[in-house]
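Here the structure is laid out as structure tokens; the discussion comes afterwards.
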Amino acid sequence: MNTQERIEKLAGIKAELFKKDFLLTWEKSENDLRAILEIAGLLKQLRDENISPRVFDSGLAVSIFRDNSTRTRFSYASAANLLGLAVQDMDETKSQIAHGETVRETANMISFLTDFIGIRDDMYLGEGNKYMREVAQALDEGYEKNVLPARPGIVNLQCDMDHPTQSMADLLHLKNTYGSLEALKGKKIVMSWAYSPSYGKPLSVPQGIIALMTRFGMDVELAHPEGYGLIPEIVELAGKNAEKSGGSFSISNSMEESVKDADIVYPKSWAPFHIMQQRTELLKNKNVKGLAELEQQALQNNAKFKNWEYTAEMMKTTKNSEALYMHCLPAHRNEEISAGLMDAPDTVIWDEAENRLHAQKALMEALLQASC
Amino acid sequence: MNTQERIEKLAGIKAELFKKDFLLTWEKSENDLRAILEIAGLLKQLRDENISPRVFDSGLAVSIFRDNSTRTRFSYASAANLLGLAVQDMDETKSQIAHGETVRETANMISFLTDFIGIRDDMYLGEGNKYMREVAQALDEGYEKNVLPARPGIVNLQCDMDHPTQSMADLLHLKNTYGSLEALKGKKIVMSWAYSPSYGKPLSVPQGIIALMTRFGMDVELAHPEGYGLIPEIVELAGKNAEKSGGSFSISNSMEESVKDADIVYPKSWAPFHIMQQRTELLKNKNVKGLAELEQQALQNNAKFKNWEYTAEMMKTTKNSEALYMHCLPAHRNEEISAGLMDAPDTVIWDEAENRLHAQKALMEALLQASC
Amino acid sequence: MNTQERIEKLAGIKAELFKKDFLLTWEKSENDLRAILEIAGLLKQLRDENISPRVFDSGLAVSIFRDNSTRTRFSYASAANLLGLAVQDMDETKSQIAHGETVRETANMISFLTDFIGIRDDMYLGEGNKYMREVAQALDEGYEKNVLPARPGIVNLQCDMDHPTQSMADLLHLKNTYGSLEALKGKKIVMSWAYSPSYGKPLSVPQGIIALMTRFGMDVELAHPEGYGLIPEIVELAGKNAEKSGGSFSISNSMEESVKDADIVYPKSWAPFHIMQQRTELLKNKNVKGLAELEQQALQNNAKFKNWEYTAEMMKTTKNSEALYMHCLPAHRNEEISAGLMDAPDTVIWDEAENRLHAQKALMEALLQASC
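Residue numbers (my numbering), protein chains in the order written: chain A, 2 to 373; chain B, 2 to 373; chain C, 2 to 373.
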């Protein structure tokens with residue numbers, strides 16, 4: 002497709018993203034998601050043709066990182082920059098947020114000339130997404146009362162529930178790999194727990210993947226050792242999505258069994274839901290001793306599942322022995338995946354990573370284009 | 002007024018801000034201050050008409066924060082961005098400022114392609130404003146000797162004496178609220194100490210307010226418990242200003258008495274001048290034990306004045322029971338002010354906050370426009 | 002020369018900098034270095050004529066500082082800004098660089114829309130420059146495999162071996178001072194160790210100076226107390242360069258003797274090579290006790306050479322009693338150099354400092370202009 006055709010195709014999709022937030026993929030219609038993927042393709046093509054997609058003369062894209070970040074930080078910065086916005090990081094350690102200052106106050110303060118607020122808040126179960134909604138409500142109120150001349154869009158840069166810029170990038174990667182969203186129907190994707198000697202990894206990536214891929218008719222299998230479950234409501238949602246889209250959703254307790262005949266394997270470590278619940282309580286109470294004990298217990302438990310490493314041998318049992326390997330990166334070599342597979346000369350893991358950027362740009366572009 | 006009329010009005014004001022610093026409002030002529038307020042209105046109108054006020058193709062606005070900041074950091078960043086400048090923070094903890102490096106050296110180093118240097122330095126009495134002047138002198142010298150191709154303007158982002166971007170925003174808020182500067186004549190504004198369970202809060206806001214509002218014919222009353230005075234020279238200046246402008250200036254030791262019939266109430270905590278003097282000595286000598294003792298003593302003293310909380314009951318005694326409430330934010334709820342008043346549905350506290358941004362932009366715009 | 006003549010002169014120099022990295026001056030041809038100096042002159046002239054050299058509509062210049070920095074941080078930020086790029090700092094303490102993440106991974110991650118990566122990594126002997134090359138190789142691979150749409154240029158912002166943006170600025174300063182590179186032939190420059198009560202200062206500046214200035218026919222003398230030698234291979238290289246360029250290179254163990262009849266004196270402290278070797282081992286092993294002991298030993302040794310201070314008396318023995326004083330700054334007053342000399346009213350040390358900026362801009366401009 003040339004640029005003109007792409008624009009026409011995009012115009013034909015009835016999306017409702019303009020002036021909205023992007024907090025969970027499952028709050029967005031299929032049209033919304035399709036529009037974002039189309040915009041990603043269009044932006045990539047504009048770049049290839051050396052046409053600047055800059056739309057702003059000035060403006061801020063605020064970022065709030067309540068957890069460390071490299072990939073997300075850079076893709077957000079790149080996306081903002083490309084659109085003409087300067088990134089202003091809201092470093093809470095350098096801010097004067099007094100005892101009793103409300104979210105409403107802070108949210109409005111940083112928004113007077115801001116077009117986006119990107120937030121990463123993924124440490125506490127039940128908190129991150131909630132915080133984003135508090136900010137959103139404060140901004141709505143500020144805009145209604147004419148405090149804010151414009152309502153900035155909030156972009157979820159990973160919370161306790163979803164990691165939508167990652168899952169949208171992964172969907173884009175799958176679309177590019179197989180040619181279309183339609184081609185994903187009937188493809189088997191295994192979102193599998195994998196071993197790593199760390200604990201407390203967020204659940205947002207596996208949750209984001211099972212909730213999104215089940216919407217496109219894929220056969221999604223979630224594999225994890227007993228006791229490593231995700232947030233029950235999101236698991237349930239994945240089942241319903243699959244039913245609706247004509248795909249399927251199943252849960253297995255064996256990586257080895259799951260990857261058989263899989264088209265795509267996504268092996269990644271995460272903390273069990275019930276451990277995250279305990280951890281959240283301990284973190285809230287600043288119970289250092291309790292946290293240390295929980296960590297020991299969790300690591301010992303993880304160590305029972307060292308065989309949950311995706312290996313070349315397992316890959317041989319996948320569809321045509323060549324299932325697409327996916328990971329949000331960084332991956333633990335020789336723990337989550339054998340180093341040989343991870344660093345294979347024909348790996349396309351980088352294309353997946355690059356799509357983080359394209360998805361991010363497209364998502365932000367979509368939120369500010371009146372046509373979406 | 003339309004844009005053209007605004008520009009003509011502005012052109013008629015003989016200001017002398019071009020290529021100057023902005024360190025203390027009382028060093029600026031009334032014309033200077035009026036020009037800034039006019040520019041603020043003009044910039045706001047340009048934004049409403051979606052006309053970009055960008056004047057630079059590139060350039061840096063350096064910020065030096067020797068104390069935490071949210072509001073000032075974001076309004077400075079927004080203002081810089083709007084004018085076309087990138088913010089480069091000079092984080093002294095990440096800098097290689099060797100033992101013995103002079104202010105002259107550092108100031109020139111960061112100024113070769115810099116249009117503004119914004120400085121917050123409010124921890125030590127007798128230091129912050131002095132430091133800004135040292136930087137200013139170093140830059141003058143650098144410019145005279147052709148070290149610097151241009152002389153960056155220095156903007157005081159809060160010092161030990163004044164907080165001019167705050168007080169100018171507050172003046173703008175008053176002008177917008179009452180329609181004109183002339184309408185402020187005879188209005189009673191109470192700058193009152195208020196209780197908070199913290200110590201060491203800068204004196205710059207109350208000092209900035211009494212020194213500035215006395216210049217516009219207002220009846221300014223400074224209220225604080227005995228022993229909570231401000232820098233004597235600035236209190237004296239407020240008196241002289243009032244005399245000159247046809248307003249009045251008085252000091253009271255009762256919030257309750259002061260707010261009676263007030264048009265505007267500005268309740269805010271600060272540390273007593275003599276405590277700040279002791280604290281400055283202790284900080285300089287890194288006397289940790291002495292600081293802890295002083296803090297205890299100061300907090301105990303504060304606790305005697307918990308009734309210095311601005312409440313709905315007090316508000317009833319103000320002019321028409323509806324005095325305008327002002328605060329630079331963040332305010333201590335149920336300490337400085339009752340939460341009910343602070344979060345009232347009809348609060349205009351956000352308009353005051355938004356004016357931080359407009360005043361900041363206008364101030365920086367004024368310093369670089371040859372017409373000012 | 003007017004702008005047109007400058008451009009024509011530049012066009013006549015066959016440089017090979019386009020799309021390359023800049024890691025060590027001694028990997029660059031004399032034409033490359035001349036082209037950079039010409040571009041510096043051209044950019045300065047464009048600025049005087051108020052012509053914006055902005056070439057990018059958007060894009061990122063990533064910085065990675067593994068050690069503190071003021072001067073380099075600001076000159077990099079200014080240069081990036083002038084070209085139209087936003088600086089995105091990669092703060093490794095705020096990044097999520099997991100155990101086992103490869104340089105290849107991180108390097109590609111931060112490069113999808115990045116035009117430059119500036120790296121300071123000067124703490125460990127044998128590490129900094131090596132790390133830059135690992136990044137370079139990862140980017141080459143990423144570009145070859147179409148992971149990266151463009152290959153960002155890497156700029157060495159100081160490593161264990163060289164500090165090329167400093168040495169190129171110093172060369173530009175010398176060229177401007179004496180009128181041309183040709184005029185440097187036969188000029189005596191003394192790169193001398195000088196006392197400071199600190200230890201562990203990098204060797205990159207003296208190494209960069211002796212390796213670069215010997216290429217332009219200068220008489221370069223390296224002066225240091227016995228035992229304060231530099232990396233032997235670079236000392237050897239300086240000798241070979243001098244032979245080739247018709248200059249000379251010698252080593253002396255007396256500042257006093259060396260500066261006699263010198264045209265230029267560059268007195269600066271550094272750590273002895275063998276101390277840096279031990280320090281590198283101790284740092285790698287996190288041997289805190291060993292580091293403390295080494296520091297004591299090194300400081301005691303330094304203290305034996307307090308007379309290695311460049312003074313007005315010594316200056317009298319230089320060529321016409323007016324040798325040009327150079328320093329990368331910040332300098333230790335009354336240790337490396339007497340305060341009187343350092344702060345003399347006729348000092349041109351600021352012009353040298355300003356050239357940091359011009360050299361940086363020119364270097365980055367050169368790396369991205371197809372004509373170089």
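Where a beta carbon is used, it is the ideal one built from N, C-alpha and C, also for glycine. Values in this document were obtained by computation on a predicted structure and should not be read as measured data.
* Please look up how many angstroms separate the CB atoms of A/Ser255 and A/Ala224, rounded, as I've assumed it's under 8 Å. => Residue 255 of chain A sits at position 254 when you count from the first residue of the first sequence. Residue 224 of chain A sits at position 223 when you count from the first residue of the first sequence. A Cβ-Cβ separation of about 7 Å places A/Ser255 in contact with A/Ala224 under the 8 Å criterion.
* In whole angstroms, what separates the C-alpha of A/Val236 from that of A/Ala212? -> In the first sequence, residue 236 of chain A corresponds to position 235, counting from 1. In the first sequence, residue 212 of chain A corresponds to position 211, counting from 1. Taking the Cα positions, A/Val236 is about 8 Å away from A/Ala212.
* Continuous alpha helix (DSSP H) stretch holding B/Asn242: start and end -> Indexing the second sequence from 1 puts residue 242 of chain B at position 241. Per DSSP, the continuous alpha helix (DSSP H) segment holding B/Asn242 begins and ends at 233-246.
* To do: Report buried or exposed for B/Thr166, applying the criterion of at least 16 other Cβ atoms within 10 angstroms of its Cβ.
  => Mapped onto the second sequence, residue 166 of chain B falls at position 165. Classification for B/Thr166: buried.
* Neighbourhood of B/Met214 by C-beta, 6 Å cutoff - its chain only, sequence neighbours within 5 removed -> Residue 214 of chain B sits at position 213 when you count from the first residue of the second sequence. The beta carbon of B/Met214 lies closer than 6 Å to those of Ile190, Val221 in the same chain, with the five residues before and after it left out.
* Asked: How would you call B/Thr107, buried or exposed, if buried means at least 16 neighbouring beta carbons within 10 angstroms?
  -> To locate residue 107 of chain B, count along the second sequence from 1; it is residue 106. Residue burial is scored here from C-beta neighbours: B/Thr107 has at least 16 other C-beta atoms within 10 angstroms and is therefore classed as buried.
* C/Arg280 in three-state terms, based on DSSP -> Here the question's residue 280 of chain C lines up with position 279 in the third sequence. Correct three-state label for C/Arg280: helix.
* Asked: A/Asn335: which of A/Ala243, A/Asn308, A/Ser322 sits nearest, CA to CA?
  -> As a first step, residue 335 of chain A must be located in the first sequence, where it is residue number 334. Between A/Asn335 and the set A/Ala243, A/Asn308, A/Ser322, the nearest pair of CA atoms involves A/Asn308.
* To do: Could you tell me which residues DSSP puts in a beta bridge with B/Met192?
  => For this step, residue 192 of chain B is matched to residue 191 along the second sequence. Per DSSP, B/Leu223, B/Tyr267.
* To do: Would you check if the distance between the CB atom of C/Leu173 and the CB atom of C/Ala360 is smaller than 8 Å?
  => In the third sequence, residue 173 of chain C corresponds to position 172, counting from 1. In the third sequence, residue 360 of chain C corresponds to position 359, counting from 1. Going by C-beta atoms, C/Leu173 is nearer than 8 Å to C/Ala360.
* **Neighbour flag for C/Pro268 against chain B, beta carbons, 8 Å** => Here the question's residue 268 of chain C lines up with position 267 in the third sequence. Answer no: the Cβ-Cβ gap between C/Pro268 and chain B never drops below 8 Å.
* To do: Tell me, please, whether the CB atom of A/Ala41 is closer than 8 Å to any CB atom in chain C?
  => One-based indexing of the first sequence puts residue 41 of chain A at position 40. The C-beta of A/Ala41 comes no closer than 8 Å to any C-beta of chain C.
* Asked: Which partner residues of B/Asn157 appear in the DSSP bridge assignment?
  -> Position 156 of the second sequence holds residue 157 of chain B. DSSP lists B/Ile120 as partners of B/Asn157.
* To do: Could you pull out every residue in the same chain whose Cβ sits closer than 8 Å to the Cβ of C/Gly127, ignoring the five residues on either side in sequence?
  => Taking the first residue of the third sequence as 1, we reach residue 127 of chain C at position 126. Here the set comprises Asp161, Thr281.
* Asked: In chain B, which residues lie with their C-beta within 8 Å of the C-beta of A/Ile111?
  -> Here residue 111 of chain A corresponds to residue number 110 of the first sequence, with the count starting at 1. Here the neighbours are Thr71, Phe75.
* Put A/Thr115 into one of helix, strand or coil per three-state DSSP. => The sequence position of residue 115 of chain A within the first sequence is 114, counting from 1. Three-state result, A/Thr115: strand.
* Output, in chain order, the set of chain B residues within a Cβ distance shorter than 7 Å of A/Leu140. => Residue numbering aside, residue 140 of chain A sits at position 139 when the first sequence is read from its first letter. Ordered by position in chain B, no residue passes the 7 Å Cβ test against A/Leu140, which lies about 12 Å from the chain.
* **Supposed close pair C/Asp141, C/Gly60 - CB separation, criterion 8 Å** => Within the third sequence, the letter at position 140 stands for residue 141 of chain C. Within the third sequence, the letter at position 59 stands for residue 60 of chain C. Taking C-beta atoms under 8 Å as the contact rule, C/Asp141 and C/Gly60 fail to qualify, at a distance of about 20 Å.
* At least one CB of chain A closer than 8 Å to the CB of B/Arg280: is that the case? -> Position 279 of the second sequence, counted from the start, is the residue given in the question as residue 280 of chain B. Chain A contact via Cβ: absent.
* Given A/His328 as reference, the closest of A/Lys317, A/Asp352, A/Ala313 once Cα atoms are compared -> As a position in the first sequence, residue 328 of chain A is number 327, starting the count at 1. With distances taken between Cα atoms, A/His328 lies closest to A/Asp352.
* C/Leu34 by DSSP, collapsed to three states: which one? -> Along the third sequence, one-based indexing puts residue 34 of chain C at 33. Per DSSP, reduced to three states, the secondary structure at C/Leu34 is helical.
* Take A/Asp68 as the anchor and find which of A/Ala36, A/Glu135, A/Asp90 has the nearest alpha-carbon. => Within the first sequence, residue 68 of chain A is the residue found at index 67, counting from 1. The alpha carbon of A/Asp68 has as its nearest neighbour, out of A/Ala36, A/Glu135, A/Asp90, the alpha carbon of A/Asp90.
* **Stretch pair the region 197-204 of chain A + the region 244-252 of chain A: three plus CB contacts closer than 8 Å** => Flag = no, the region 197-204 of chain A and the region 244-252 of chain A do not touch.
* Within 10 angstroms of its Cβ, does A/Ile52 collect 16 or more other Cβ (buried), or is it exposed? -> Your numbering for residue 52 of chain A matches position 51 in the first sequence. It is exposed - the Cβ of A/Ile52 has fewer than 16 other Cβ atoms within 10 Å.
* Asked: Once you ignore the five residues that flank C/Pro226 on each side, which residues in its own chain have a CB closer than 6 Å to its CB?
  -> For the purposes of this step, residue 226 of chain C is taken as the residue at position 225 of the third sequence. Phe306, listed in sequence order.
* Note down, in chain order, all residues in the region 132-158 of chain A with a beta-carbon under 9 Å from any beta-carbon belonging to chain B. => Contact residues of the region 132-158 of chain A toward chain B are Gly143, Lys146, Asn147, Val148, Leu149, Pro150 (C-beta to C-beta distance below 9 Å).
* May I ask you to list the residues that DSSP assigns as paired with C/Glu66? => Start at 1 with the first residue of the third sequence, and residue 66 of chain C comes out as number 65. Here residue 66 of chain C turns out to be Phe, not Glu, going by the sequence shown. Answer by DSSP bridge pairing, in chain order: C/Arg121.
* Give the DSSP-derived three-state secondary structure of B/Val88 in the structure shown. => As a working note, residue 88 of chain B is residue 87 in the second sequence. Correct three-state label for B/Val88: strand.
* Selection of the region 189-201 of chain B by Cβ proximity to chain A, strictly under 7 Å -> Residues of the region 189-201 of chain B that bring their beta carbon within less than 7 Å of a beta carbon in chain A are absent altogether.
* Asked: What residues match up with B/Ser1 in a beta bridge as DSSP calls it?
  -> Nothing can be reported for residue 1 of chain B: it is not among the residues displayed for chain B, which extend from 2 to 373.
* For C/Ile122 and chain A, any beta-carbon pair shorter than 8 Å? -> What you label residue 122 of chain C is simply residue 121 of the third sequence in a count that begins at 1. The amino acid at residue 122 of chain C is misidentified as Ile; the sequence shows Asp. So no, C/Asp122 is outside the interface.
* **Beta-bridge pairing of B/Leu61 - partner residues as DSSP gives them** => Numbered from its first residue, the second sequence carries residue 61 of chain B at position 60. B/Ala87, B/Thr115.
* **Distance, B/Val63 Cα to B/Ala151 Cα** => Start at 1 with the first residue of the second sequence, and residue 151 of chain B comes out as number 150. Start at 1 with the first residue of the second sequence, and residue 63 of chain B comes out as number 62. Each residue's Cα considered, the two are about 14 Å apart.
* To do: Run the CB neighbour count on B/Lys176, radius 10 Å, all protein chains shown included, and call it buried at 16 or more, exposed below.
  => Residue mapping note: residue 176 of chain B aligns to position 175 of the second sequence, counting from 1. Sixteen is the threshold: when 16 or more other Cβ atoms of the shown chains lie within 10 Å of the Cβ of B/Lys176, as they do, the residue is buried.
* To do: From the DSSP output, read off the bridge partner residues of B/Tyr311.
  => The residue labelled residue 311 of chain B in the question sits at position 310 within the second sequence. DSSP lists B/Ile338 as partners of B/Tyr311.
* Three-state secondary structure (DSSP) of A/Leu325 -> Locating residue 325 of chain A in the first sequence gives position 324, where the first residue counts as 1. The answer is strand: DSSP assigns A/Leu325 an E or B state.
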